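Let me begin by presenting the structure, written as structure tokens, before commenting on it.
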Amino acid sequence: MGRFTALAAATPVLERPTSRDYVPGEVSTVSVIGQASPSRVRRLTRRTLPDEDRYLRLREVGIHRPAGPLRSEAIARAALVQAHTRVLDEIADAKAARVVARYLYDEALVCGVVDEERALTRPAVDRWLFRDDIFSRRSQRTYRTILYAAGRTLYPHEFPEPHRQRGPRRKAVPAAELSLEAELYAVAANLRPMLRAQLLTILDLTTGAGLSSQEIRQLRGSDVSPLELPEHTAVQIAVRKRGVVSRVVPVVCPVRGHRLLTRARDVGNGYVFPIVGDSMPRNAVCHVSEELVELGFPGFNAAALRNRWVVKLASDPGVPAAMLMKMAGIADLRVLHDLEADLPRYTPEDEAKALLRSEGEYL
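Reminder that position 294 of the sequence shown reads as 295 in our numbering, one-by-one numbering, no gaps.
Structure below.
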């Protein structure tokens, strides 16, 4: 008995932590519990951002969660992650950032600290997505697409790109009638100031530079600049695709060019297309056509106006096919086959003369 009593009365011995359990002094206990990587170099930082403006814009989103440091950090980290994903239109981009922010916040409630590298692993994302009947099937698909895209920025092998089956190619919209362009410009003078400015912007960018509806909505004042030529000053439009300039289109019409350049200088880095507020509506261009129809004026299809511009270039013997493809941003000439009814009819004699003018006897 004395032996056991002595053991009970002995001074407790404190074990020295092993290397596996050792925690550096500067690392918080919360981080260790949450298994966040302490004091490491993050994979995504502001230095790795492809577009700083996109990140700053996404930091302004809000989520329905209690205010506090955790929510602020979740929004900041979500904006950083989303800004590294494939470029979306601003409305869809903000929606995706909110989904990522809510997920990071919910995941951080357990761990006590926001860490996208811990939260955006495939097992963690799937656990959150496939909880018991919390989301509808449609919402679950939407959230899965968004969170998988976010996770792909960190762990591409865990979130492989989905295999997309290509459907049949959609034929080009027939080109607008020749008279419609002049008719719409004439109509603009009878509209209220806001609608007139919107219509003129659409007409100038479709019939003068061949921009699509999406490109019109995304165009900013900083993308429009003067182009000095020996004969006169033109205007050049930098068209972006996924945040990167994909082509630059000159506008040589002095009236269109002056109007676009004036608008660009007025808005600075804002949208060239006039809107009310800061958010660009997804169907902003279509709404202008709908308003015209409601007022008794002819409507329009922006794609048809753009294709009329394509037909004009394709019909001009001074515009090579390579230049047409570059300015129009088309990958091949199949679109011209779709627009064949609007193109000139060439005889073999016309074609032979064209080849001779271009030294075709050596071809």
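Virtual Cβ for every residue (Gly too), placed ideally from N, Cα, C.
Treat the numbers as computed from the prediction; the structure is a model and nothing was measured.
Neighbourhood of residue i by C-beta, 6 Å cutoff - its chain only, sequence neighbours within 5 removed
i	result
Leu220	Val273
Arg99	Val62 and Ile64
Phe298	Val188
Val336	Ala173
Pro1	Within the shown structure, residues of the chain are numbered from 2 to 364, placing residue 1 beyond reach of any answer.
Arg266	none
Ala95	Val62
Val312	Ala176, Leu340 and Asp343
Ala329	Gly211 and Val311
Tyr347	none
Other residues of its chain near residue i: CB distance less than 7 Å, five sequence neighbours each side excluded
i	result
Pro318	Ala355
Arg358	none
Glu216	Val240
Thr86	Ala150, Ala151 and Thr154
Ile203	Ile217, Val286, Val289 and Ala303
Ala235	Leu228, Pro251, Val252, Val253 and Gly258
Leu59	Ala80, Gln83, Ala84, Asp94, Ala95 and Ala98
Val277	none
Asp351	none
Sub-8 Å separation of residue i and residue j beta-carbons
i	j	result
Asn308	Ala176	yes
Ser247	Val240	yes
Ala285	Arg193	no
Ala187	Pro275	no
Gly211	Trp310	yes
Ala303	Thr207	yes
Gly258	Val249	no
Asp205	Leu261	yes
Leu89	Ala77	no
Val340	Ala183	Checking the sequence, you will find Leu at residue 340 rather than Val. Result no, Cβ atoms of Leu340 and Ala183 do not sit closer than 8 Å.
Phe301	Leu196	no
Leu201	Val289	no
Gln237	Leu228	yes
Cut-off 8 Å between Cβ atoms - residues of its own chain near residue i, not counting five sequence neighbours on either side
i	result
Leu334	Ala322 and Met326
Ala75	Ile64, Arg66, Ala102, Arg103, Leu105, Tyr106, Ala109 and Val115
Leu81	Leu45, Thr46, Arg47, Leu50, Tyr56 and Glu117
Ala125	Glu108 and Arg119
Glu291	Gly300
Supposed contact pair residue j and residue i - C-beta distance, whole angstroms, cut 8 Å
i	j	result
Ser280	Glu91	7 Å
Asp52	Ala79	Actually they are not in contact, since the Cβ atoms of Asp52 and Ala79 sit about 16 Å apart, beyond 8 Å.
Phe136	Tyr144	7 Å
So within the region 323-351, which uninterrupted alpha helix (DSSP H) runs reach at least 4 residues, ignoring any that extend past its ends? 335-339
Say whether the region 259-271 touches the region 218-237, bearing in mind that this needs 3 or more beta-carbon pairs closer than 8 Å, one atom from each stretch. yes
Just checking, does the region 102-122 make contact with the region 152-172 on the three C-beta pairs under 8 Å criterion? yes
Output the residue ranges of the alpha helix (DSSP H) runs that lie fully inside the region 215-293 and measure 4 residues or longer, sorted by chain position. 255-268
Could you give the uninterrupted runs of the alpha helix (DSSP H) lying entirely in the region 138-181, keeping only those of 4 residues or more? 138-153
In chain order, which continuous runs of the alpha helix (DSSP H) of length 4 or greater are located wholly inside the region 80-147? 91-112, 117-120 and 123-130
Complete alpha helix (DSSP H) runs within the region 47-75 (minimum length 4 residues, chain order): 53-59
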